[in-house]
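Quick note, the sequences are listed as chains A and B, same order. The first sequence begins at 1264 in the numbering used here and counts up one residue at a time. The second sequence begins at 173 in the numbering used here and counts up one residue at a time. Backbone N, C-alpha and C define an ideal beta-carbon position, used for all residues, glycine too. Here's the structure, in structure tokens; my notes come after.
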Amino acid sequence: MSTPVTEEPESESEPETDEQPAADAETAAAEPTAQQRRMAKKRDDAARRDAQRRAEEETREAENTVHLKVFRYDPEVEGKQEPRFDDFRVPFHKGMTVLDALIYARDHYDSSLTFRHSCRQAVCGSDAMFVNGRQRLCCKTQLADLDEPVRIEPLPHQDVVKDLVVDMEHFYDQMEAVEPFFDPDDLPSDDLAEQRQSRENREYIKMATRCIWCGACMSSCNIAAGDNEYLGPAAINMAYRFIMDEREGESRGQERLEIVEQEHGVWRCQTQFSCTEVCPKDIPLTEHIQELKREAVKNNLKFW
Amino acid sequence: MSQTYDRGPVEDFGRWREFSAGMWAWIFHKFTGWVLVGYLFTHIAVLSTATAGGTVYTETIRGLESLLVVRILEVGLLAVAVFHILNGVRLLFVDLGVGLESQDRSFYASLVLTGAIVVASVPTFLAGAF
């Protein structure tokens, strides 16, 4: 009851928009951008879901339990090496997330149930799982939004280590491959000088900076599933964040473009939009990948 | 952590009910593309009969067109070609970064338009076939 669902992940929450630059307000007034329209649609959908959820919550609160089907597998214990699904019936309370239910099941029923979680507020990106046939961040998925039984599996296309824990090593390798750190061509002469970014530029890469490395997009991408070398949406998005950052300079940007325009870089994307759909941070991943494709073409086409 | 369990392709075609619009567009585009490639080969084979003379070619075409199954397949070919063209235009816009937020609606639009064009073509293709 104490957990009102504040499903307002976007817009004004960004600290650097606190000052509300005049230019930003102007563009917003003039014409909504694609992102704003998308967010408006999402908000409408969220409002509709909210109403549905409230009704659902009331009925579930009366019934009092939620039925979970959880994937179990433990290679180290004989008798658990064959993957199976365990059923848990967890007492439901209003505002309960999938992660809350898993924590309850672990604390009260089976302490061997294993899953990653840390911040429980969609920041750390530890608890992306495959819930009812879709990659979701468990801590921001309301149980009342899901059909019962709620089927919880580890992320697809990654090796399962135990229960709901998958091996993220390959995902991290791909993320490291695009060199995800700020690395400008030349530093300001004064050691203590700030490297200020223009507000327009910051606004431009805003969505791209929000990646929490949860791996949901990579898991949903069926190109990444078939091609292990493909960088994947998250890594390309990370490259986008730095390529579009104006502070880095020409030659560093060129190096970055050369990384993503390789055979297993941006060109593997076949615009299925799966990643954009599952991203818990609403990053327009496909849009960013397409933009880098155009950058790569422009970079290599010379008519003069 | 001595071993890991590989579940194989969890998101295989068995989960088709959960596919989203973008995924369906991709599958249909692949499928229609391969059908069109296959058609090109038969197309060349049929056209090549013209090298043996005009009458042979005419006879081949007449023979083919007299078969009911060919008439029906032609409707199917039109459906496949129209969808591939319309979705190709959609992909062009996606590549240009135009209207990415309505990519699902443009997929449905291309499906509906394909259906309409195919239905409208049926009288022409199947005239006198039955």
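query                                                                                                                                                                      : result
Between N1562(A) and L1520(A), is the Cβ-Cβ spacing less than 8 Å?                                                                                                         : yes
Mind reading off the beta-carbon distance from T1549(A) to L272(B)? Whole number of angstroms is fine, and I expect it under 8 Å.                                          : 6 Å
Report the rounded CA-to-CA distance for A205(B) versus A1498(A), giving the unit in angstroms.                                                                            : Rather than Ala, the amino acid found at residue 205(B) in this sequence is Gly. C-alpha separation (whole angstroms): 30 Å.
Bridge partners of F1348(A), per DSSP?                                                                                                                                     : F1334(A)
Please report the straight-line C-alpha distance between T242(B) and T227(B), rounded to a whole angstrom.                                                                 : Reading off the sequence shown, one finds Val at residue 242(B), where the question assumed Thr. Cα-Cα distance, rounded: 20 Å.
Could you please give the first and the last residue of the uninterrupted alpha helix (DSSP H) stretch that includes V207(B)?                                              : A193 to S220
Hey, does Q1458(A) have any beta-carbon neighbour from chain B nearer than 8 Å?                                                                                            : no
Taking CB distances under 8 Å as the criterion, tell me whether G300(B) reaches chain A.                                                                                   : no
Compare the C-beta of G135(B) with all C-beta atoms of chain A and state if any pair is closer than 8 Å.                                                                   : The structure shown does not extend to residue 135(B), since chain B is modelled only from 173 to 302, so the question has no answer here.
Grab me the residues of T1404(A)'s own chain with a C-beta within less than 7 Å of its C-beta, minus the 5 sequence neighbours each way, in chain order.                   : T1360, V1361 and V1394
Pick out whichever of V1429(A), G1396(A) and P1412(A) has its Cα sitting closest to the Cα of R1379(A).                                                                    : V1429(A)
Answer with yes or no whether the minimum CB distance from T1404(A) to chain B is below 8 Å.                                                                               : no
Ends of the beta strand (DSSP E) at L283(B)?                                                                                                                               : It is not in any beta strand (DSSP E) - L283(B) instead sits in the alpha helix (DSSP H) that spans Q275 to L298.
Looking at the unbroken beta strand (DSSP E) that takes in R1397(A), where does it start and where does it end?                                                            : R1397 to L1400
Using the C-alpha atoms, what's the distance from P1417(A) back to F1334(A)?                                                                                               : 7 Å
Can you tell me which residues form a DSSP beta bridge with V1353(A)?                                                                                                      : V1329(A)
Can you list, in chain order, the residues of the stretch 190-224 of chain B whose Cβ is nearer than 7 Å to any Cβ on chain A?                                             : E190, S192, G194, M195 and W198
Can you give me the start and stop residues for the beta strand (DSSP E) that M1507(A) sits inside?                                                                        : No beta strand (DSSP E) contains M1507(A), which DSSP labels as neither H nor E.
For a test of the three-state rule: what should DSSP assign to T1549(A), helix, strand or coil?                                                                            : helix
Kindly confirm or deny that the stretch 1473-1486 of chain A and the stretch 1542-1557 of chain A touch, where touching means at least three C-beta pairs closer than 8 Å. : yes
Looking at the unbroken beta strand (DSSP E) that takes in F1393(A), where does it start and where does it end?                                                            : A1391 to V1394
Quick check on I244(B): does DSSP put it in helix, strand or coil?                                                                                                         : helix
Does the stretch 270-285 of chain B come within contact of the stretch 251-261 of chain B, defined as at least 3 CB pairs closer than 8 Å?                                 : yes
Is it true that the CB of R1352(A) sits closer than 8 Å to the CB of H1330(A)?                                                                                             : yes
Along the chain, where does the beta strand (DSSP E) containing E1217(A) start, and where does it finish?                                                                  : There is no way to answer for residue 1217(A), as the model of chain A reaches only from 1264 to 1567.
Please list the partners that L156(B) has in chain A, where partner means a Cβ-to-Cβ separation under 8 Å.                                                                 : Given a span of 173 to 302 for chain B in the structure shown, any question on residue 156(B) remains unanswerable.
Under the three-state reduction of DSSP, which class applies to V1429(A): helix, strand or coil?                                                                           : strand
So N1485(A) is in the alpha helix (DSSP H); what residue range does that whole segment cover?                                                                              : N1485 to G1489
Kindly list, in the order they appear in chain A, the residues whose Cβ is closer than 7 Å to that of Q243(B).                                                             : Note that residue 243(B) is Arg in the sequence shown, not Gln. Residues of chain A passing the Cβ test: none, with the nearest at roughly 34 Å.
What number of angstroms, rounded off, separates the C-alpha of P1346(A) from the C-alpha of P1443(A)?                                                                     : 36 Å
Can you list, in chain order, the residues of its chain whose CB lies under 7 Å from that of Q1384(A), leaving out five sequence neighbours each side?                     : C1402
Can you give the Cα-Cα distance for Y229(B) and G287(B), rounded to whole angstroms?                                                                                       : 32 Å
What are the boundary residues of the alpha helix (DSSP H) that T232(B) is part of?                                                                                        : G226 to E237
Compute the Euclidean distance between the alpha carbons of D1313(A) and L1409(A), then round it to the nearest angstrom.                                                  : 12 Å
Just verifying my parser: in three-state terms, what is the DSSP assignment at Q1298(A)?                                                                                   : helix
Check whether the stretch 188-195 of chain B and the stretch 1423-1438 of chain A are in contact - that is, three or more C-beta pairs closer than 8 Å.                    : no
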